[in-house]
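Written out below as structure tokens is the structure these notes cover.
There are 2 protein chains.
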Amino acid sequence: MSLPKRVNLVEVGPREGCQFEGIGDPTRITTASKVQLIDALAATGVGAIQMVSFVSPRQVPQMADAEAVCAAITPRAGIVYSGIYLNDAGLKRAMQAGVIEISGKLSFTASDAFSMRNQRRTHAEDVVMQGKIAALYRAANIAITHGNIMAAFGCNFEGEIPLSRVLDYIAELQSIAGGGLKSVSLADTMGWADPEMIRRAVGEVRTRWPDMRVALHLHDTRALAIANVYAALLEGVSDFDTAVGGLGGCPFAGIQGAAGNVCTEEVVFLCRQLGIETSIDLHAMVECARMAQDIVGHPLPSKLINANLDLPT
Amino acid sequence: MSLPKRVNLVEVGPREGCQFEGIGDPTRITTASKVQLIDALAATGVGAIQMVSFVSPRQVPQMADAEAVCAAITPRAGIVYSGIYLNDAGLKRAMQAGVIEISGKLSFTASDAFSMRNQRRTHAEDVVMQGKIAALYRAANIAITHGNIMAAFGCNFEGEIPLSRVLDYIAELQSIAGGGLKSVSLADTMGWADPEMIRRAVGEVRTRWPDMRVALHLHDTRALAIANVYAALLEGVSDFDTAVGGLGGCPFAGIQGAAGNVCTEEVVFLCRQLGIETSIDLHAMVECARMAQDIVGHPLPSKLINANLDLPT
């Protein structure tokens, strides 16, 4: 493989970041701040923004304003606005939120221990749930084309995840989807991946499903996220979730020192250095990262916002 | 090339970090703290520690205690203790400091603008200076085997540095050394390198001097340092300077947000993940990073010290 000519980023900072930053203080990041950040991100040239989670307001009160955020943003043509959901109730909310584009995605978690903590379901229970979600898509005439595997590389509770399990779960999702999956996202939810794991996983998925697009969702918990992006680029991967400023984080570490998603502006910078198109204005994204830093009120992990840098225009 | 089986790290945190942290407040990092950190690092299994700079105490007062540090550490067998010097006066001090192992290294800076700021010499003046330094080595029967190019990838004052100039300067150093250079270190002093620049530079040096070892000194100013290490490993590079905790920084940014050298424990972690031996105990190095953070009194860039991580033993 050679480096891709163009990379598509999904900006997940508003969802991941505001969800994480609001732990223990759900109204600390106001709805108005979320809307301000989303609207600013929409002006950077990014093609997709994951804005909110449609999850239980009791368990995740900091996302209780999901519908309010959707109603308050100023939608910009050409941008895919999305939200996540972990069950059928969440999908129904997403379908009614108006601005949210539903992508027909099914999801498994490769670690049962993490699944129990995050979704309160075993894998067997998740098979049933993904069937329910699939039925809702079909009833709404939404093609089921995307698969997602969370904790695909490792888990703080189970350790390294065998690649064979990830492949088995993709096959199960493909079966629930009736064979329609065209892309699969591998999420390194707790930052366990390394560059060679990334290359091996991408290679094995492609060996088994030669036409499958592989997307990556990477966390920088163990400091290897940008190296993992480079490794993925070497394999021709062109779809990544990234978070402005490096927003987000691991709930198992204090907010101050937690490492979130791989940082959008750092991935944009890497791509520009490698001659890969992203559609994103680097300087505008750096400004959004500064805005995000002001909103959360503490330094974000991004290197590019904290130094007086000479960046390419 | 394939990944190296073993990587040799030079721990440069005491020199780079204490030099940077002491800007504007030269006694903030006490001699005792420097000694404590160096002695702790020596117990991690690292093979080499760059401790101090033998530079003008007037211009760099935070390194005025270089000799005192050398006298106060508890030297450990098998460890190469080193210091840097930018001129013949500094080399003479290093030679008399006792514990310092002199390696017969000549150095150029690929950016004249940076050279004027850092060494107060033009390249032409540096040719004369490196000749003086070479004469001192010869008088002391020290083989001249190492070359060093600072600002080898880019400069905040000049922009990108052409690789042809780096190759020319290596050839000049080789000439001053009488053809004895066996290794050359490329220093990305201001964090301008990207993974493909690294691979191209390493490849070109090897094409021209097939037996030359290439070492790298990388800064994380623009967030790509760990990706650059991975790219270098893919080219079989096995010699890196790294700094515990990610100590060090760019004098053109505030201390708090400045990004220093590529972080030792993060490189050790990457190597372990890739099955590459480093001789360093990861947990001991993480403890040293925590010590360094306590000494400097503010959060260091290292991701591995700030999260509750499950690291390999």
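Those protein sequences? They're chains Z and L, same order as listed. So the mapping is simple: my numbering equals the position in the first sequence, first residue as 1, plus 2. So the mapping is simple: my numbering equals the position in the second sequence, first residue as 1, plus 2. Using N, Cα and C, we set each Cβ at its ideal position, and we do this for glycine too. Here the structure is a predicted model, which means the values were calculated and not measured.
Below 8 Å on the Cβ atoms is my contact criterion, and I expect I163/L with V186/L to pass it. Report the Cβ-Cβ distance as a whole number of Å.
Walking along the second sequence from the start, residue 163/L turns up at place 161. Walking along the second sequence from the start, residue 186/L turns up at place 184. Not confirmed; about 15 Å, so no contact.
Same chain, Cβ closer than 7 Å to G256/Z, neighbours up to 5 away in sequence not counted:
Here residue 256/Z is taken as the residue at index 254 of the first sequence, counted from 1. Confidence at G256/Z is low in this model, with a pLDDT of 38, below 50, so the placement of that residue should be treated as unreliable; the coordinate-derived value is given next. Counting only Cβ-Cβ distances below 7 Å, and skipping sequence neighbours, we find nothing.
CA-CA distance, T266/L and I200/L?
In the second sequence, the residue the question calls residue 266/L occupies position 264. In the second sequence, the residue the question calls residue 200/L occupies position 198. One C-alpha to the other measures close to 19 Å.
Buried or exposed for P253/Z, please, with buried defined as at least 16 other CB atoms from any protein chain shown within 10 angstroms of its CB.
Taking the first sequence and counting its residues from 1, one reaches residue 253/Z at position 251. Low confidence applies here, because P253/Z scores a pLDDT of 49, under 50, leaving its location unreliable and the question unanswered by this model.
Determine the direct distance from the alpha carbon of L218/L to that of P63/L, and round the result to whole angstroms.
If you number the second sequence from 1, residue 63/L lands on position 61. If you number the second sequence from 1, residue 218/L lands on position 216. Computed Cα separation, rounded: 27 Å.
Please confirm whether T244/L has its beta-carbon closer than 8 Å to some beta-carbon of chain Z.
Start at 1 with the first residue of the second sequence, and residue 244/L comes out as number 242. Taking Cβ atoms only, chain Z never reaches closer than 8 Å to T244/L, which makes this a no.
Which whole-angstrom value describes the C-beta separation of L226/Z and L272/L, a residue pair presumed to lie in contact below a C-beta threshold of 8 Å?
Walking along the first sequence from the start, residue 226/Z turns up at place 224. Walking along the second sequence from the start, residue 272/L turns up at place 270. Right, their Cβ atoms sit about 6 Å apart.
If you draw a straight line from the C-alpha of G259/L to the C-alpha of R140/L, how long is it?
What you label residue 259/L is simply residue 257 of the second sequence in a count that begins at 1. What you label residue 140/L is simply residue 138 of the second sequence in a count that begins at 1. Low confidence applies here, because G259/L scores a pLDDT of 43, under 50, leaving its location unreliable and the question unanswered by this model.
For chain L, find out if any of its Cβ atoms is closer than 8 Å to the Cβ of Y171/Z; answer yes or no.
Mapped onto the first sequence, residue 171/Z falls at position 169. With 8 Å as the cut-off, Y171/Z does not count as an interface residue toward chain L.
For Q295/Z, count neighbouring C-beta atoms within 10 Å of its own C-beta (all shown protein chains included) and say buried if the count is 16 or more, exposed if not.
Taking the first sequence and counting its residues from 1, one reaches residue 295/Z at position 293. Answer is buried; the Cβ neighbour count reaches 16.
Could you give the residue range of the alpha helix (DSSP H) that holds E127/Z?
Along the first sequence, read from residue 1 onward, the residue named residue 127/Z stands at position 125. From DSSP, the alpha helix (DSSP H) with E127/Z extends over H125 to A141.
Identify whether D296/L lies in helix, strand or coil by the three-state DSSP scheme.
Within the second sequence, numbered from 1, the residue matching residue 296/L stands at position 294. Here D296/L sits in helix by DSSP.
Return the chain-ordered ranges of every alpha helix (DSSP H) run that is complete within the segment 190-215 of chain Z and spans a minimum of 4 residues.
197-210
According to DSSP, residues forming a beta bridge with M152/L:
Start at 1 with the first residue of the second sequence, and residue 152/L comes out as number 150. T111/L, per the DSSP bridge assignment.
Given I172/L as reference, the closest of Q132/L, H221/L and V82/L once Cα atoms are compared
As a working mapping, residue 172/L is identified with position 170 in the second sequence. Minimum Cα distance to I172/L is reached at Q132/L.
Stretch pair the segment 82-98 of chain Z + the segment 3-18 of chain L: three plus CB contacts closer than 8 Å:
no
Determine the DSSP secondary structure at D241/L, reduced to helix, strand or coil.
Here residue 241/L refers to the residue found at position 239 of the second sequence. If DSSP states are grouped into helix, strand and coil, D241/L belongs with the strands.
Contact set between the segment 91-125 of chain Z and chain L, restricted to residues whose Cβ is under 8 Å from the partner:
none
Could you say if the segment 165-181 of chain Z and the segment 108-121 of chain Z meet the contact criterion of at least three C-beta pairs nearer than 8 Å?
yes
Thinking just about the alpha-carbon of each residue, which of G262/Z, R274/Z and A153/Z is nearest to the one in A195/L?
Taking the first residue of the second sequence as 1, we reach residue 195/L at position 193. Considering only alpha carbons, the answer is R274/Z.
Identify the residues that DSSP records as bridge partners of E69/L: which are they?
As a working mapping, residue 69/L is identified with position 67 in the second sequence. Per DSSP, none; premise fails for E69/L.
Spatial distance of R95/L from F242/L (CA atoms)
Here residue 95/L refers to the residue found at position 93 when the second sequence is read from its first residue. Here residue 242/L refers to the residue found at position 240 when the second sequence is read from its first residue. About 25 Å.
Taking 7 Å as the limit between beta carbons, can you name the residues of its chain near R210/L, skipping five residues before and five after?
The sequence position of residue 210/L within the second sequence is 208, counting from 1. Excluding residues within five positions, the ones whose Cβ falls inside 7 Å are L169.
For a contact defined as C-beta to C-beta under 8 Å, what are the partners of A66/L on chain Z?
As a position in the second sequence, residue 66/L is number 64, starting the count at 1. Ordered by position in chain Z, no residue passes the 8 Å Cβ test against A66/L, which lies about 27 Å from the chain.
Have a look at S105/Z and A50/Z and give me their C-alpha separation to the nearest angstrom.
By 1-based counting over the first sequence, the position of residue 105/Z is 103. By 1-based counting over the first sequence, the position of residue 50/Z is 48. About 12 Å.
Judging by CA-CA distance, which residue of G205/Z, R224/Z and M214/Z is the nearest neighbour of G193/Z?
To locate residue 193/Z, count along the first sequence from 1; it is residue 191. Per the C-alpha coordinates, the member of G205/Z, R224/Z and M214/Z positioned closest to G193/Z is R224/Z.
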